[in-house]
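Here is the structure we will look at, set down as structure tokens.
Protein chains in written order, with the numbering used here: chain A, 5 to 234; chain B, 4 to 76.
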């Protein structure tokens, strides 16, 4: 079913767009639905399209030359991803985008975004804001990797994900869906360490952890670990 | 946010909504030595949660919060 173009205003880069501009983007987009585990694009492919996730969840992951994967970020509904081609014509995708569940995205040619940016300053400004957020997040993660204890890194990664996609339950806990492998990649550690830390947290009553979900029972306890509060 | 200037409504307001409507409230959180402004959980925690979590004096905290919202409205 075609999307309502005005829903595109939920995308941060389009928050200041006119209704007509939103219609133009929707008209120039192609809806792509893929199943869990399939890819919207692969690392190294020419960045011809940028994407807006309409439903589902996806992850951006980068592989090093020996094939080891690192999860860069999780994409939620109405987030834009893969927009590098709009600012650099020869760009290739720096990461692969894999669906974590059945997902649908609107694919729009990066060249079209670039063309629109020439006459609409709000697009350049809002894209710059998105990139600044990404840079800040990466700087923070780099600092964590370089200096912080692994438990703290995992707590911060869990809280970052919570802020992006946590769901508050009726009894005041927060539910979060992720696999331990995702968490290991996000916090730059091993699956074994994530399991050990989650078990420890479970013993302390901070979380209740399932196979692909975690129930945060004491959110402030995680903040205390992440921020080293007393 | 017209309902935000009484204690019962405020206690169910999230930290995120409170700070959006009343950015000056950063000074209240700082005064009570909480880490709420900028916290990843700001959209989940209500002001009541803050009082419980940080063992704050409920009466004093809400008096200050209400004072700020009344002054604004």
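We put the beta carbon where it would ideally sit given N, CA and C, even for glycine.
Rounded to whole angstroms, the Cβ separation of residue 76 of chain A and residue 109 of chain A is 17 Å, and the two are not in contact under 8 Å. Boundaries for residue 10 of chain B: no beta strand (DSSP E) harbours it, while the alpha helix (DSSP H) harbouring it runs 10-14, taken from the DSSP string. Of all residues in the stretch 19-37 of chain B, none has a C-beta nearer than 7 Å to a C-beta of chain A. Interface with chain A (8 Å Cβ-Cβ cutoff): residue 16 of chain B is excluded. Rounded to the nearest angstrom, the Cβ distance from residue 127 of chain A to residue 135 of chain A is 12 Å, too far for a contact under 8 Å.
None of the residues of the stretch 181-213 of chain A has a beta carbon lying less than 8 Å from any beta carbon of chain B.
Non-local beta-carbon contacts of residue 18 of chain B in its own chain, meaning distances under 6 Å to residues more than five positions away in sequence, involve 39, 45, 48 in chain order. Within chain A, the residues placing a beta-carbon under 8 Å from that of residue 47 of chain B are 166, 170, 172, 178, 223, ordered along the chain. Pairing residue 107 of chain A with residue 31 of chain B, the inter-Cα distance amounts to about 43 Å. With fewer than 16 other beta carbons inside 10 angstroms of its own, residue 153 of chain A counts as exposed. Of all alpha-carbon atoms in A:176, A:175, A:191, A:231, the one lying nearest the alpha-carbon of residue 182 of chain A is that of A:191.
When rounded, the separation of the alpha-carbon atoms in residue 63 of chain A and residue 79 of chain A is 6 Å. By alpha-carbon distance to residue 156 of chain A, the top candidate from A:32, A:7, A:231, A:53 is A:231. With a 10 Å radius around the Cβ and a threshold of 16 neighbouring Cβ atoms, residue 144 of chain A comes out exposed.
Taking C-beta atoms as the reference points, residue 25 of chain A and residue 184 of chain A fail to come closer than 8 Å. Of A:45, A:147, A:9, the smallest CA-CA separation from residue 82 of chain A is found for A:9.
Taking each of A:186, A:85, A:176 in turn and checking the Cα distance to residue 198 of chain A, the smallest one comes out for A:186.
Neighbourhood of residue 141 of chain A in chain B, by CB distance below 7 Å: empty, with the nearest CB roughly 12 Å away. When the alpha-carbon of residue 103 of chain A is set against those of A:38, A:210, A:117, A:91, the nearest one is in A:38. Across the set A:164, A:13, A:196, the C-alpha of A:13 shows the shortest separation from the C-alpha of residue 23 of chain A.
Per DSSP, the continuous beta strand (DSSP E) segment holding residue 34 of chain A begins and ends at 33-38. In the structure shown, the three-state DSSP call for residue 102 of chain A is strand. Just so you know, the alpha carbons of residue 59 of chain A and residue 53 of chain A end up roughly 18 Å apart.
Rounded to whole angstroms, the gap between the alpha carbons of residue 26 of chain B and residue 69 of chain B is 14 Å. Contact of residue 163 of chain A with chain B by beta-carbon distance below 8 Å involves 43, 44.
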